[in-house]
Structure formats: structure tokens, C-alpha cells
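Trainee:
Number of protein chains: 2
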Amino acid sequence: MKRLLIFLVLASLTLTSAAQGRRNFARSEFPKVNDDNSITFLLMAKDAKKVSVVGDFSLENGKERRHFEMQPTEQGLWRVTTPPLRPEIYSYNFIIDGVRTCDALNMMQLRDGENHFSAVIVGGGQADLYKVQQTPHGTLHTIWYPSPTLNMQRRMTVYTPAGYAESRKKLPVLYLLHGMSGDETAWAELGRTAQIMDNLIAQGKCREMIVVMTNGNAWQQCAPTHNGGRAMQQYRNGEQGAPTFVDSFGDVIAYVEKNFRVLKKAQYRAIAGLSMGGGHSFAISRRYPRTFDYVALFSAAVRGFNDEQVQAELKAQRDNGLKLYWIACGKDDFLYKLNCDYMQYLDSISMPYTWRESDGGHTWRNWRIYLSELVPMLFQE
Amino acid sequence: MKRLLIFLVLASLTLTSAAQGRRNFARSEFPKVNDDNSITFLLMAKDAKKVSVVGDFSLENGKERRHFEMQPTEQGLWRVTTPPLRPEIYSYNFIIDGVRTCDALNMMQLRDGENHFSAVIVGGGQADLYKVQQTPHGTLHTIWYPSPTLNMQRRMTVYTPAGYAESRKKLPVLYLLHGMSGDETAWAELGRTAQIMDNLIAQGKCREMIVVMTNGNAWQQCAPTHNGGRAMQQYRNGEQGAPTFVDSFGDVIAYVEKNFRVLKKAQYRAIAGLSMGGGHSFAISRRYPRTFDYVALFSAAVRGFNDEQVQAELKAQRDNGLKLYWIACGKDDFLYKLNCDYMQYLDSISMPYTWRESDGGHTWRNWRIYLSELVPMLFQE
Numbered sequence: 607m608k609r610l611l612i613f614l615v616l617a618s619l620t621l622t623s624a625a626q627g628r629r630n631f632a633r634s635e636f637p638k639v640n641d642d643n644s645i646t647f648l649l650m651a652k653d654a655k656k657v658s659v660v661g662d663f664s665l666e667n668g669k670e671r672r673h674f675e676m677q678p679t680e681q682g683l684w685r686v687t688t689p690p691l692r693p694e695i696y697s698y699n700f701i702i703d704g705v706r707t708c709d710a711l712n713m714m715q716l717r718d719g720e721n722h723f724s725a726v727i728v729g730g731g732q733a734d735l736y737k738v739q740q741t742p743h744g745t746l747h748t749i750w751y752p753s754p755t756l757n758m759q760r761r762m763t764v765y766t767p768a769g770y771a772e773s774r775k776k777l778p779v780l781y782l783l784h785g786m787s788g789d790e791t792a793w794a795e796l797g798r799t800a801q802i803m804d805n806l807i808a809q810g811k812c813r814e815m816i817v818v819m820t821n822g823n824a825w826q827q828c829a830p831t832h833n834g835g836r837a838m839q840q841y842r843n844g845e846q847g848a849p850t851f852v853d854s855f856g857d858v859i860a861y862v863e864k865n866f867r868v869l870k871k872a873q874y875r876a877i878a879g880l881s882m883g884g885g886h887s888f889a890i891s892r893r894y895p896r897t898f899d900y901v902a903l904f905s906a907a908v909r910g911f912n913d914e915q916v917q918a919e920l921k922a923q924r925d926n927g928l929k930l931y932w933i934a935c936g937k938d939d940f941l942y943k944l945n946c947d948y949m950q951y952l953d954s955i956s957m958p959y960t961w962r963e964s965d966g967g968h969t970w971r972n973w974r975i976y977l978s979e980l981v982p983m984l985f986q987e
Numbered sequence: 607m608k609r610l611l612i613f614l615v616l617a618s619l620t621l622t623s624a625a626q627g628r629r630n631f632a633r634s635e636f637p638k639v640n641d642d643n644s645i646t647f648l649l650m651a652k653d654a655k656k657v658s659v660v661g662d663f664s665l666e667n668g669k670e671r672r673h674f675e676m677q678p679t680e681q682g683l684w685r686v687t688t689p690p691l692r693p694e695i696y697s698y699n700f701i702i703d704g705v706r707t708c709d710a711l712n713m714m715q716l717r718d719g720e721n722h723f724s725a726v727i728v729g730g731g732q733a734d735l736y737k738v739q740q741t742p743h744g745t746l747h748t749i750w751y752p753s754p755t756l757n758m759q760r761r762m763t764v765y766t767p768a769g770y771a772e773s774r775k776k777l778p779v780l781y782l783l784h785g786m787s788g789d790e791t792a793w794a795e796l797g798r799t800a801q802i803m804d805n806l807i808a809q810g811k812c813r814e815m816i817v818v819m820t821n822g823n824a825w826q827q828c829a830p831t832h833n834g835g836r837a838m839q840q841y842r843n844g845e846q847g848a849p850t851f852v853d854s855f856g857d858v859i860a861y862v863e864k865n866f867r868v869l870k871k872a873q874y875r876a877i878a879g880l881s882m883g884g885g886h887s888f889a890i891s892r893r894y895p896r897t898f899d900y901v902a903l904f905s906a907a908v909r910g911f912n913d914e915q916v917q918a919e920l921k922a923q924r925d926n927g928l929k930l931y932w933i934a935c936g937k938d939d940f941l942y943k944l945n946c947d948y949m950q951y952l953d954s955i956s957m958p959y960t961w962r963e964s965d966g967g968h969t970w971r972n973w974r975i976y977l978s979e980l981v982p983m984l985f986q987e
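As C-alpha cells, then:
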């Protein structure tokens, strides 16, 4: 009876398309996280010949995503249950006869660059940091700032912790940068920055701080999804010329320090980024000397350290002294060797750093973990 | 050659799934808005038997969405071009052998309640209000407030106009409410509130104001997409008991007036809402007498006006006097007759109101138009 009900409801879903007012029981059940932390997926596709779920269910070995073939059950319904999974935010698509889609039964989607994924949280452990818990909550500001260097207005996302508006306290700032194909929405959406910060602050595990999430694509005003139409067009002419995002970073700092109640010394500024954003952090922390006492590189594209100019800047950075230079990378990351080579160079000039090797590859799973490990180390006096 | 390139790129898209770093020419071209304002869609689905695009391309006649069958072209590629369309934000899905999906070539998606749609803007005319233009831009705050009445923290979205942070000026407030299956993200995403406000303020067509977009589902803390997993579960027990959202609205006003720099008199407060949110505005504006001098009902569910208590409150509202009581509805809206009946009642008690009849039905197209027409009328001294 229940199955019949599900079938009838699902059948009606694919036949109607008005968006308002539809409520039903079946949609609330799938994807279903079972008691053993496996997930059961359900799909209605009565004319399909082959259906699978593909997602980041197994990222220990780097970037490979795992496929589960779905089995036809009653008329037109396909179903599969994964093995038990560890706590995490999982993103996935269905592949229906070769066409990649999201899960119409699941309201939660994440966009990673050009691609939309359905998402499901298996709670517990680390993943509880990614959930909205019963703590005080900070505010996310979607805000525009002028960049005279790039001659445009640009969008950023700023996290202020709970109580910021009512307090008169000045706070330290973490600048947090995304990777290639990301934008100013990436850390808040995929990185769950607000939830991680809310939870760690509430647990007393990190200081209150402001987190500034920029758009590192110098040719973009804002996320290409935000202004409609042929959004990807902006990528076509996307080769970085001069001036670059790194050149413009002074505009970001100037805006934040004018418009937020912040502490304006190097010991209260941190910069961190993933992949391309790790490369940006590597560059910006040298380019703006004595500005950041905390630097963190997540799976970073630390390119160019054989260059003489870069080496001179790194030596100056070493001599200026830092409180933390944190390098994190997964063993299966395609940038792992580059980071090892970079650390060998840092050893050769006796520049201190802290190395955090993890399992896994070039994935948001790792970047969320790195963020949650980094912030407790920041701004400790 | 170009077609071959497109085919190869698209084929590779469906076969790979890593999200990072993929840039190509083809994705930037589709959906393509042609010079005559028709749209060309492209889809790769080599094993499909029947594919169509369905979207709100023709909403003059109410809620019906329009289908365009796609034609197979070279191997696995499907294509269709719509007739010329008027300027608008269009939302659409592909139906591939009965399965509704979004357009993987289009980064822009909108969520309307439980459903995700791809979206494309055909610019010009009214639709230029929906685009990010070269104007100063306001800030969107994703913020949590305490609701003692509902005994939970709840999320809202607040628009502050450009310059708010630097100014000392106190501003009037528009409270803007969503419909059934919507939440605190609906007006900003589907309603393009920030763009409409930025553009109208820049054109000198409306006053600077703060816009507060609440979550009107009393059983929810925030959009169900925001906290992962079986998001729709919250809908199951979603019947409104007591206390209701209307009961709790005093918590919203108290929070806004404490935490934003606002003018705290009825002549500087407006409340507007669509559908269920129109019903909320209808109720809240009576329940909190002498609080709002401006009330606007968009396609509103104005239920219960035969009730004695409601009628007594309406007469009190009439006697208190209002600067504007605006009722807007489309001729094809399923709530059109209800609104006409309501106005007949208002006539019978000589309560003044302004009637805005439009074409079309119960659609975001109309609600964006109504918002853009309403705000120039607000807070004019």
C-alpha cells in the first residue's frame, strides 16, 4: 500500500509541473539515511534502460567518484542502497541513460562551479559541525565593494559572528579564498563556513572572528549564476591578465577595515585558500608584507616558487616572522607532489611551516576539515 | 567543425564528473538568447526517445506552462528554438523520457519551493530591473533572530540599500512575505528583490528603504534546503497550529527595530506579501493596529473576511486610516474571484483600497511586477 502510494505520488510529480503547494509524504522520505548510515535513493524513470547514482561516497582515493547501479523495482521506480557511509556531506547525481541529473526528491542542492549536485548530510562526528545546531548564529552578508584596481564593483560574502551587531568589540579577520571555477558563494555553500564557525565558537574552540569570502576571478563582478542568461560566457575570456585578483587584494582589505569593526594589525589578520585560492594566499601573503601573521594553504597551487622574485619575497616573509604558515594537502591530491616540493624549498631556506597531511584528494571534504582545524589555531595570544 | 567540437565536449561532459577546472566554449553558448528574443536550447541525450522543454514561456493564461518538443540533430544532440519572447526571467526544465531535469549547460538555477528550475533572462524593458546593473548595490543579510513566541531562532533575509553602513540616516521598512512552499530565500532569489530595489533607487523612482523577507512557515527555523538530508520531512507536520507566524510577527518587528537603523512609526512601515504571504499581510496589518500605514496584497489568499472578528478588525483598520491598501491580482489567478469578493466586502464597509488588475496568473512574473510598482508608492510624504 505504501509502495503504491509512493508510485502514484511520484507518477503525478513527473506529470505536473506547477511548483506551488505540492506536499506529500513520499518526497519527505528519500534520499533516506538509514540507521546504519547507508543511504537509499529512489528515482522514478519508467522509460529508462540504465540508471545509476554517482557521488563522492568514496573519496579516500582522491577524485574518483563512486557509481551505484540502481535496480528497477515496481513500474518505473528505481532504487539502490549504498553501503554504510561515514558522517559527511555527500553530493551526487543520477545518471539516467547517460544524462546527468539532480534528484527531484531532494530539495538540497549544491553548485560546485558549473555543476549542480544533490546533497545529503550523514550526521555524527565531524559532520555535526556542518549542521545548523541550537547555537547562536552569525550573519552572512552578501555585499558589494568597490575595486578601483579592477575598475568594477565586486561581490563578496562576509560572515560576522552572533552578537557582532550589538557588541562594540573589534574582531580579527580571516580572509578565505575559493578555488578555480568557484566564486564568492563557494565557501558559504560548499564549505559550510557559517555552520563550522557558529559551532566552533559555541563550543569555545575558536575565537570570534569575521570571515571574508571573496571572488578570486578578476574578470567577474560576482558569481555567474547571479546575473542570468548565458552565464558561462564570462569564462571564455577568463584568462587572467593584469591587473590580477592578487593585485586588487588591497581593495578588499581597505573595504573590510573601513566597513567592519575589525582589529587592524597583522596579528589579527589571517589568509587561507584552497587550490587556486591557496595559490592566491601564497602570493598575497608575500605581496602584502607584514599584513598577515597567519597563512594557510589548502591543497594549494603553490606555483612559481623557483622564480627569483618569489624566492626573495619568501625570504622576506621568513625574516618578518609569522605566527603560522600552515600547509595542508591530501595524499591523493594531484597537487600533493607540488606541495612536497614547495616544502623542500622552504626547508632549504629554513622557513618555518606546519605540515598537515591528510588522506583523500582535492575535495571539499578535506577543505571543510582543514577549515575546522585551522580556525582554532588563529589569533591565539 | 564547430558542431563536432560541441558534440565532443558535451560527450565528455556526461562521461566525466569532476567539478573543478572545466572550461569550454560550448557550454557558454546555450541556452542562447537570439537577437529576436527567441531562446535556443541544446541538450545531449543520445539514448533518449522523446525530449521537451517546459517552462513559463507563456503565462498570460495563468498557470499553464508551455512545452516545446526538442528535435534530434546530430548524434545524441537535441535542439529547439522558442518563438520570440518578451523580456522576462524564464524558468524551465527538460523532460527526458518523462524525467524532469535541469539544464546542465546553464549555471543559473532557481528553486521554487520543492522544485529546481533552470533560468534565463531575456533582457530589455521590465526585465532590465531584474539584472545587476552598473548602479550602487545594497547588501543582503542572511540573519537569525529570536522568536520567543515560536520558541526558536529563525532565519530572515534583510536588504539594506547601498550606503546604509556608512550613513547615519534612519530608513523606513518594507516587510515582504512569501507564499506557500516558499521561505526566507524566495523573494531574494525568485523575486529579484535586491536588483529591483537597487535599480529603482538608482533611478530615483523609490525611496531608500530596508526590506525584510521573513520565513512564514511557523514550524521551520529556515529554508529546508539549508540543513540537509531529508529536507522535506519538515513539511509532513507542517499544518499550522498555534502559535502561528502571524502571532509571532511582533518578534520580527522588535528584532528589526532593535538591530537596524529604522524609523519606528506607522508611516514608515509597509507590509506586503504574495499568496499565503498576502493572507499573512491581510492578517498582520489588522492584528497589529496602527503599525503599518502601507499594506499590499499580491494574489492574496484573503480568507476569512466573513468572520465577525475579522470584520471588526477591518473596520478598526478603516477607522484608523491607512495611506495605501493595495490589492493586486491577475485575471487568470485562481484567487482572482476571492479577491473580487473581498473588494466587494470592503466596498460594503466603505474601506478605501487601490485595485491593480493585471493579466496573467499566480506567478512570479506578476509578483516581480507588483513589487516594482509598489515600492515607488511607499513612504511618500
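One line per chain: the protein sequences are A and B, in this order.
All residue numbers for the first sequence refer to my numbering, where the first residue is 607 and numbers rise by one.
All residue numbers for the second sequence refer to my numbering, where the first residue is 607 and numbers rise by one.
Beta carbons are placed, not taken as given, at the ideal position from N, Cα and C, and that holds for glycine.
Does the separation of the CB atoms of A/E790 and A/M819 fall below 7 angstroms?
Mentor: Residue 790 of chain A sits at position 184 when you count from the first residue of the first sequence. Residue 819 of chain A sits at position 213 when you count from the first residue of the first sequence. Contact: yes.
Trainee: Buried or exposed: which applies to A/D718, given that a residue is buried once 16 or more other Cβ atoms fall within 10 Å of its Cβ?
Mentor: Numbered from 1 along the first sequence, position 112 holds the residue referred to as residue 718 of chain A. Buried, by the Cβ-count rule.
Trainee: Just grab the DSSP bridge partners of A/H747 for me.
Mentor: Within the first sequence, the letter at position 141 stands for residue 747 of chain A. For A/H747, which the question treats as bridged, DSSP gives the partners A/V764, B/H747.
Trainee: Skipping 5 residues on each side, what residues in its chain have a beta carbon closer than 8 angstroms to that of B/V868?
Mentor: Here residue 868 of chain B refers to the residue found at position 262 when the second sequence is read from its first residue. Correct list, in chain order: K776, L777, P778, V779, I816, V862, Y874.
Trainee: Can you list the alpha helix (DSSP H) stretches of 4 or more residues lying completely in the stretch 755 to 807 of chain A, in chain order?
Mentor: 792 to 795
Trainee: With a 10 Å radius around its C-beta and 16 neighbouring C-beta atoms as the bar for buried, classify A/D804 as buried or exposed.
Mentor: The residue you call residue 804 of chain A lines up with position 198 of the first sequence. Here A/D804 is buried: its Cβ has 16 or more other Cβ atoms, across all protein chains shown, within 10 Å.
Trainee: Does DSSP put B/E680 in a helix, in a strand, or in coil?
Mentor: Position 74 of the second sequence, counted from the first residue, corresponds to residue 680 of chain B. Coil at B/E680, not helix or strand.
Trainee: Could you check if A/D709 is buried or exposed, using at least 16 other CB atoms within 10 Å of its CB as the buried criterion?
Mentor: On the first sequence, residue 709 of chain A is found 103 positions in, with the first residue counted as 1. It is buried - the Cβ of A/D709 has at least 16 other Cβ atoms within 10 Å.
Trainee: Is the CB-CB distance between A/Q741 and A/Y765 below 7 angstroms?
Mentor: On the first sequence, position 135 is the one that residue 741 of chain A refers to. On the first sequence, position 159 is the one that residue 765 of chain A refers to. Just to set this straight, residue 741 of chain A is Thr in the shown sequence, not Gln. Cβ atoms of A/T741 and A/Y765: not closer than 7 angstroms.
Trainee: For B/E635 and A/G730, I'd like the C-alpha separation in whole angstroms.
Mentor: The residue given as residue 635 of chain B occupies position 29 in the second sequence. The residue given as residue 730 of chain A occupies position 124 in the first sequence. Approximately 43 angstroms, taken between the alpha carbons.
Trainee: Any beta carbon of chain A sitting closer than 7 angstroms to that of B/E720?
Mentor: For the purposes of this step, residue 720 of chain B is identified with residue 114 of the second sequence, where counting begins at 1. Interface residue, yes.
Trainee: Taking the alpha carbon of B/K937 as the reference point, which residue from B/L930, B/S887, B/D913, B/R962 has its own alpha carbon closest?
Mentor: Residue 937 of chain B sits at position 331 when you count from the first residue of the second sequence. Answer by Cα proximity: B/R962.
Trainee: Around the Cβ of B/D953, are there at least 16 other Cβ atoms within 10 angstroms (buried) or fewer (exposed)?
Mentor: The residue given as residue 953 of chain B occupies position 347 in the second sequence. Under this definition B/D953 is an exposed residue.
Trainee: At 7 angstroms on the CB atoms, spell out the chain B contacts of A/A771, in chain order.
Mentor: One-based indexing of the first sequence puts residue 771 of chain A at position 165. Chain B residues near A/A771: N865.
Trainee: Given that a residue counts as buried once 16 or more other Cβ atoms are within 10 Å of its Cβ, and exposed if not, what is B/C946?
Mentor: One-based indexing of the second sequence puts residue 946 of chain B at position 340. Exposed is the call here.
Trainee: What residues from chain A crowd round B/N833, counting only those whose CB sits closer than 7 angstroms?
Mentor: Position 227 of the second sequence, counted from the start, is the residue given in the question as residue 833 of chain B. Correct list: K737, V738.
Trainee: What number of angstroms, rounded off, separates the C-alpha of A/E845 from the C-alpha of A/D925?
Mentor: Locating residue 845 of chain A in the first sequence gives position 239, counting from the first residue. Locating residue 925 of chain A in the first sequence gives position 319, counting from the first residue. Confidence at A/E845 is low in this model, with a pLDDT of 48, below 50, so its placement is unreliable and no value can be given for it.
Trainee: Which same chain residues, not among the five before or five after A/H722, have their C-beta less than 6 angstroms away from its C-beta?
Mentor: Start at 1 with the first residue of the first sequence, and residue 722 of chain A comes out as number 116. The residues are C708, Q715.
Trainee: Kindly list, in the order they appear in chain A, the residues whose Cβ is closer than 8 angstroms to that of B/C708.
Mentor: Taking the second sequence and counting its residues from 1, one reaches residue 708 of chain B at position 102. Residues of chain A passing the Cβ test: T707, C708, H722.
Trainee: For the beta strand (DSSP E) containing B/R692, name the first residue and the last one.
Mentor: Mapped onto the second sequence, residue 692 of chain B falls at position 86. It is not in any beta strand (DSSP E) - B/R692 carries neither H nor E in the DSSP assignment.
Trainee: If you follow the beta strand (DSSP E) that B/L903 is part of, which residue opens it and which one closes it?
Mentor: The count along the second sequence starts at 1 and reaches residue 903 of chain B at position 297. Counting along the chain, the beta strand (DSSP E) containing B/L903 begins and ends at 900 to 904.
Trainee: How would you label A/G927, buried or exposed, when you count the other beta carbons within 10 angstroms and need 16 or more for buried?
Mentor: Within the first sequence, residue 927 of chain A is the residue found at index 321, counting from 1. With fewer than 16 other Cβ atoms within 10 Å, it is exposed.
Trainee: Check A/C946 in the structure and name its three-state DSSP category.
Mentor: Sequence index remark: in the first sequence, residue 946 of chain A carries index 340 (1-based). Helix.
Trainee: Should A/M957 be flagged as near chain B, meaning a C-beta pair shorter than 7 angstroms?
Mentor: Sequence index remark: in the first sequence, residue 957 of chain A carries index 351 (1-based). No - not a single Cβ of chain B is within 7 angstroms of the one on A/M957.
Trainee: Distance check for A/K737 and B/R760, CA to CA, integer angstroms please.
Mentor: Your numbering for residue 760 of chain B matches position 154 in the second sequence. Your numbering for residue 737 of chain A matches position 131 in the first sequence. Here the alpha carbon of B/R760 sits roughly 15 angstroms from the alpha carbon of A/K737.
Trainee: Quickly, what does DSSP pair A/D718 with across the bridge? List them, please.
Mentor: As a working mapping, residue 718 of chain A is identified with position 112 in the first sequence. Note: A/D718 sits in a beta bridge opposite A/N721.
Trainee: Could you confirm whether any beta carbon from chain B is found closer than 7 angstroms to the beta carbon of A/D653?
Mentor: Here residue 653 of chain A refers to the residue found at position 47 of the first sequence. At least one chain B Cβ lies under 7 angstroms of A/D653.
Trainee: When you compare the CB of A/W970 with every CB in chain B, is at least one pair closer than 7 angstroms?
Mentor: On the first sequence, residue 970 of chain A is found 364 positions in, with the first residue counted as 1. A/W970 does not count as touching chain B.
Trainee: Kindly provide the ranges of any beta strand (DSSP E) runs that are 3 or more residues long and lie completely inside the stretch 875 to 919 of chain B, ordered along the chain.
Mentor: 875 to 880, 900 to 904
Trainee: Within 7 angstroms of any Cβ in chain B, is that where the Cβ of A/T748 sits?
Mentor: Here residue 748 of chain A refers to the residue found at position 142 when the first sequence is read from its first residue. Interface residue, yes.
Trainee: Are three or more beta carbon pairs between the stretch 968 to 979 of chain B and the stretch 910 to 923 of chain B nearer than 8 angstroms?
Mentor: no
Trainee: Whose C-beta lies closer than 7 angstroms to the C-beta of A/A808 among residues of the same chain, with five residues either side of it excluded?
Mentor: By one-based count along the first sequence, residue 808 of chain A stands at place 202. Close CB contacts of A/A808 within its chain, under the 7 angstroms cut and outside five residues either way in sequence, are with T741, P742 (chain order).
Trainee: Just reading off the beta strand (DSSP E) that A/E979 is part of, what are its end residues?
Mentor: Translated into the one-based positions of the first sequence, residue 979 of chain A becomes position 373. First-last for A/E979: 970 to 980, but that is the alpha helix (DSSP H), not the beta strand (DSSP E).
Trainee: In terms of residue numbering, what span does the beta strand (DSSP E) encompassing B/Y959 cover?
Mentor: In the second sequence, the residue the question calls residue 959 of chain B occupies position 353. Boundaries cannot be given for B/Y959, as no beta strand (DSSP E) includes it and DSSP labels it neither H nor E.
Trainee: Measuring only between beta-carbons, confirm whether A/T745 sits less than 7 angstroms from chain B.
Mentor: On the first sequence, residue 745 of chain A is found 139 positions in, with the first residue counted as 1. Cβ-Cβ to chain B under 7 angstroms: yes for A/T745.
Trainee: Which residues mark the beginning and the end of the beta strand (DSSP E) in which A/G936 is found?
Mentor: The residue labelled residue 936 of chain A in the question sits at position 330 within the first sequence. Per DSSP, A/G936 belongs to the beta strand (DSSP E) from 930 to 936.
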